[in-house]
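Reading through the structure tokens given below for one structure.
Chains as they are written, first to last, in my numbering: chain A, 2 to 350; chain B, 489 to 676; chain X, 2 to 436.
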């Protein structure tokens, strides 16, 4: 079905962007493995699409037939309720068939599980695979062996692109733009895929990011991972000063046993986000947390439940971002075509 | 892709006259503006619906409800339309329940866009009645589904190789309707 | 009495100061004469025409993992020796981290017998076993180095399981010194590198992979140099990879410590940025380091701080490497790409000349491991020759490798400089040799 209004613009048809056309550029990737490799315009494109999907939740019938007949596999090697559920609902609202596979990696080595599972999955010819794995690069490994589009739902300490996208969507809704915002990221940055994805996304879209953490969790070279707009604050107070946005990261108790921290209590005292510290930030500061929260450790309850906290908005936006991601990645995948045809089409896009 | 313009079949004035006629037909058929709800299909159906609403307001002294429908998520050709699906906004701020809906689009061709629009619309509720208004109808021989328009600005018989391009100030910076053709099309 | 005359080649042998067109006469597995190009050939000699090629004393790879006994699906002594010959190496030194570990005379004899059996099947590289420093390479009790030496080991090493305890290493050096065995050490302080799968730096942070800091290598390199100084032993540092290690070796040499070291081709051709796509063929230990480290290595190759080029040939099955990065084993194969990489990156880019290349690959390794009658083309020496064309351009195709494994990061890379043939004990290796 090609209606005239969808045809590419000819020589003499000048398209003027109007309030009617929200999205004009194209998105032609097969996989979403990380934010680092995305162009700023691609990130904006996903956010714009997600903004539209957010309105679907307000409709009486929340389901659209867009991905009818498509198969989306949620392949989770790490326990995750929120992210998995979010992807599952997103796929279902787009009418895709979803299969959840939670693979335990305790009995065999993690790698064997991943590879064997990937081969088995390929036999089901899924259109998209959403993968969460404890090893960095696991999504890349899957992308090498599977024909399906791969969405990285968190790979070790590497990236968690949809989390950064939903954070950005939340920030954009409240601040209008990311340009020139001052964002503080506080917590276990060394081990955080959320931090990495956020750093790439925010700095690419023009925000200025300051990082703060105990030195064991924030090596000095970290400032070099993004091309611009990234600095390490000497302490949490400096990072928070005049911040427009604060992203608080979860601190895990293993950090104590691995000798990164003396105790959770000391962390809470010196690095926990509480009302007093937050007072240094801008008056209209917003606070994000990827969840699940350790109340009283990295964030105090009065901040978590306070007026600056947007932690529940993040959940709703997560669904919209995941719908947008599933939708955009499906666009380039010819339905039912042979693999060779797939590859040709992908090459040509 | 380059297109060659073969003929200019309407100018701005003719579009205005056609819209004026469509407006009065719609009012007459629906006995006024009560419960009338004009829903433009993204993208060029949207300004056409707004203009029709303005005309009806001139005629009746009261403007019908208007809305915007994006059918992207209801299309049956996600994979053939190109690498990148373009998603626009749907804005149906008033409930469709028990209203008399007039879907508005620029061109009626295969009927598939309207099929998608019906699906999309019905997900918002149960209208009392749904009608279709189009500026251009390319003729029944192109139809791939049993869908006809209730209000037609102009019937333009065309070949399959030809394309009807509706130009509106909002998108194109000019007004008019052109028949264009792809120069490399062997069927041309 | 079989005679072979290698004609038309350009002979490079710094042990005799030769850098000239010469014909090499081989009789019964030994070199008997270097003849001027226009000297008459003996009537009864077979001729090998090496026109356009460099004729060098056979290359000796000081650092190879042959996986037999224990993991024959990755490589056997025979397949490794054949791959070596295909890559231009006439001798290879087999690290002891097999299963069981080569920590006793029985395993040493097994390796030597397997190598001899392989040579009966056809021409392939000589295999010199390296014995373990400690029993089971566990770092607690000394292995029976004396017995193993009598059976044929040429050095001792706990490569793969570096001796963590400085006191233990001191005893090992003292003891090995008494048997004139060099102590070969993979320098890695695991309390610093533990769990690291790549170089610790900007790229490891970006990729979210655990890093091994340069210091984990340098700390042990410094320790070993001081222990060598204390004990008078000869320590040979494996695959040096950081600027810091090179500085340590340079300083130690300057004060007369008996230290030598080697570098692998991948450490002078690749950097940690290559890990970006999580290709597990970019995972090795020591890991790929930074641009700055590569520069230091090139400088050290030039100024004689680095003594040898060795491959650290580490075969792994494709299934093992087809894992996510954390789960895949360390190591890549190198026997069949090293000569090309060295010519391409070092000679053609003006880092070193061919004479130095031959020293790094043959003369020095023979000297370091005391391989009598090798690393030279002197009359009387073993007729081990590496014949290569430094100008020939070729594209690496892992599918054609003689090695049983394919884990190379250099597949599809185009290189200038190619091994043409290898002569071991006076017999020519046939490239079409079938397993």
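Glycine is no exception: its CB is placed at the ideal position from the N, C-alpha and C atoms.
Note that the structure is predicted; figures quoted are calculated from it, not measured.
Next on the checklist: Closest to residue 611(B) by C-alpha separation, out of 150(A), 80(A), 94(A), would be which residue?
Outcome noted: Closest by C-alpha distance to residue 611(B), out of 150(A), 80(A), 94(A), is 94(A).
Next on the checklist: So, with DSSP's three-state summary, where would you put residue 334(X)?
Outcome noted: For residue 334(X), the secondary structure class from DSSP, reduced to helix, strand or coil, is coil.
Next on the checklist: In this structure, how does DSSP classify residue 136(X) when only helix, strand and coil are distinguished?
Outcome noted: Secondary structure of residue 136(X) (DSSP, three-state): helix.
Next on the checklist: With three or more beta-carbon pairs closer than 8 Å as the criterion, would you say the segment 333 to 343 of chain X touches the segment 73 to 90 of chain X?
Outcome noted: Between the segment 333 to 343 of chain X and the segment 73 to 90 of chain X, the count of C-beta pairs closer than 8 Å reaches three or more; the two stretches touch.
Checklist entry - By how many angstroms is the C-alpha of residue 282(A) removed from the C-alpha of residue 173(A)? => result 18 Å
Next on the checklist: Three or more C-beta pairs under 8 Å: does that hold for the segment 144 to 154 of chain A against the segment 175 to 191 of chain A?
Outcome noted: no
Checklist entry - Buried or exposed: where does residue 108(A) fall if 16 or more other Cβ atoms within 10 Å of its Cβ makes it buried? => result Because the pLDDT at residue 108(A) is just 40, under 50, the model does not fix this residue reliably, and the value given afterwards should be weighed accordingly. Answer is exposed; the Cβ neighbour count stays below 16.
Next on the checklist: As a quick exercise: from 229(X), 392(X), 218(X), pick the residue whose alpha carbon is nearest that of residue 239(X).
Outcome noted: 218(X)
Checklist entry - In this structure, does DSSP put residue 555(B) in helix, strand or coil? => result strand
Checklist entry - How big is the Cα-Cα spacing for residue 395(X) and residue 389(X)? => result 13 Å
Checklist entry - Under 8 Å Cβ-Cβ, which residues of chain X neighbour residue 136(A)? => result Here the neighbours are 325, 326, 327, 328.
Item to check | Residue span of the beta strand (DSSP E) that contains residue 494(B), given as start and end | outcome: 492 to 499 is the extent of the beta strand (DSSP E) around residue 494(B).
Next on the checklist: Nearest by alpha-carbon distance to residue 106(X): which of 266(X), 151(X), 415(X), 275(X) is it?
Outcome noted: 151(X)
Next on the checklist: Tell me the residue span of the beta strand (DSSP E) that contains residue 526(B).
Outcome noted: Start and end: 524 to 529.
Item to check | Spatial neighbours of residue 22(X) in its chain, beta-carbon cut-off 6 Å, leaving aside the 5 residues before and after | outcome: 11, 38
Checklist entry - In terms of residue numbering, what span does the beta strand (DSSP E) encompassing residue 77(A) cover? => result 72 to 77
Next on the checklist: Mapping the DSSP letters down to three states, classify residue 153(A) as helix, strand or coil.
Outcome noted: If DSSP states are grouped into helix, strand and coil, residue 153(A) belongs with the strands.
Checklist entry - Does residue 203(X) come within less than 8 Å of chain A when only Cβ atoms are used? => result yes
Checklist entry - Is the segment 284 to 300 of chain A close to the segment 47 to 59 of chain A, with three or more CB pairs under 8 Å? => result Flag = no, the segment 284 to 300 of chain A and the segment 47 to 59 of chain A do not touch.
Next on the checklist: Would you say residue 176(X) lies against chain A (beta-carbon separation less than 8 Å)?
Outcome noted: Using a Cβ-Cβ cut-off of 8 Å, residue 176(X) does not count as an interface residue toward chain A, since no Cβ of chain A sits closer than that to its own.
Checklist entry - Using a Cβ cut-off of 8 Å, which residues of the segment 217 to 237 of chain A contact any Cβ in chain X, in chain order? => result 220, 222, 223, 225, 226
Checklist entry - Cα separation between residue 155(X) and residue 278(X)? => result 39 Å
Checklist entry - Quick one, which residues of the segment 193 to 219 of chain A are near chain X if we go by CB-CB under 7 Å, in chain order? => result 194, 197
Next on the checklist: Between which residues of its own chain and residue 569(B) is the CB-CB distance below 6 Å, once the five residues before and five after are set aside?
Outcome noted: Low per-residue confidence applies at residue 569(B): pLDDT is 46, beneath 50, and the placement is therefore not dependable, though the value from the model is reported in the following sentence. The answer is none, since no qualifying residue turns up.
Checklist entry - Just how far apart, CA to CA, sit residue 426(X) and residue 51(X)? => result 18 Å
Item to check | Selection from 102(A), 139(A), 83(A), 198(A) that minimises the alpha carbon distance to residue 37(A) | outcome: 198(A)
Item to check | 9 Å Cβ cut-off: residues of chain B touching residue 62(A) | outcome: By Cβ distance, chain B contributes 610, 611, 612, 613.
Item to check | Under 9 Å (Cβ pairs) to chain X, residues found in the segment 154 to 178 of chain A | outcome: 156, 157, 158, 159, 160
Item to check | residue 4(X) versus 392(X), 405(X), 384(X), 211(X), residue with shortest Cα-Cα distance | outcome: 384(X)
Next on the checklist: Can you confirm whether the segment 203 to 214 of chain A touches the segment 225 to 244 of chain A when touching is taken to mean that 3 or more C-beta pairs between the two stretches lie within less than 8 Å?
Outcome noted: yes
Checklist entry - Going by alpha carbons, who is nearest to residue 203(X) out of 365(X), 195(X), 196(X), 214(X)? => result 214(X)
Checklist entry - Are the segment 517 to 528 of chain B and the segment 538 to 555 of chain B in contact at 8 Å, needing three or more beta carbon pairs? => result yes
Item to check | Proximal residues to residue 319(A) (C-beta, below 8 Å), its chain only, five neighbours per side dropped | outcome: 83, 84, 87, 163, 164, 167
Item to check | Continuous beta strand (DSSP E) assignments of at least 3 residues falling wholly in the segment 562 to 647 of chain B | outcome: 588 to 596, 617 to 625, 639 to 643
Next on the checklist: Using C-beta distances below 6 Å, list every residue in its chain close to residue 134(A), excluding the 5 sequence neighbours before and after it, in chain order.
Outcome noted: 78, 156
Item to check | Chain-ordered neighbours of residue 141(A) on chain X, where CB pairs are closer than 7 Å | outcome: 278, 279
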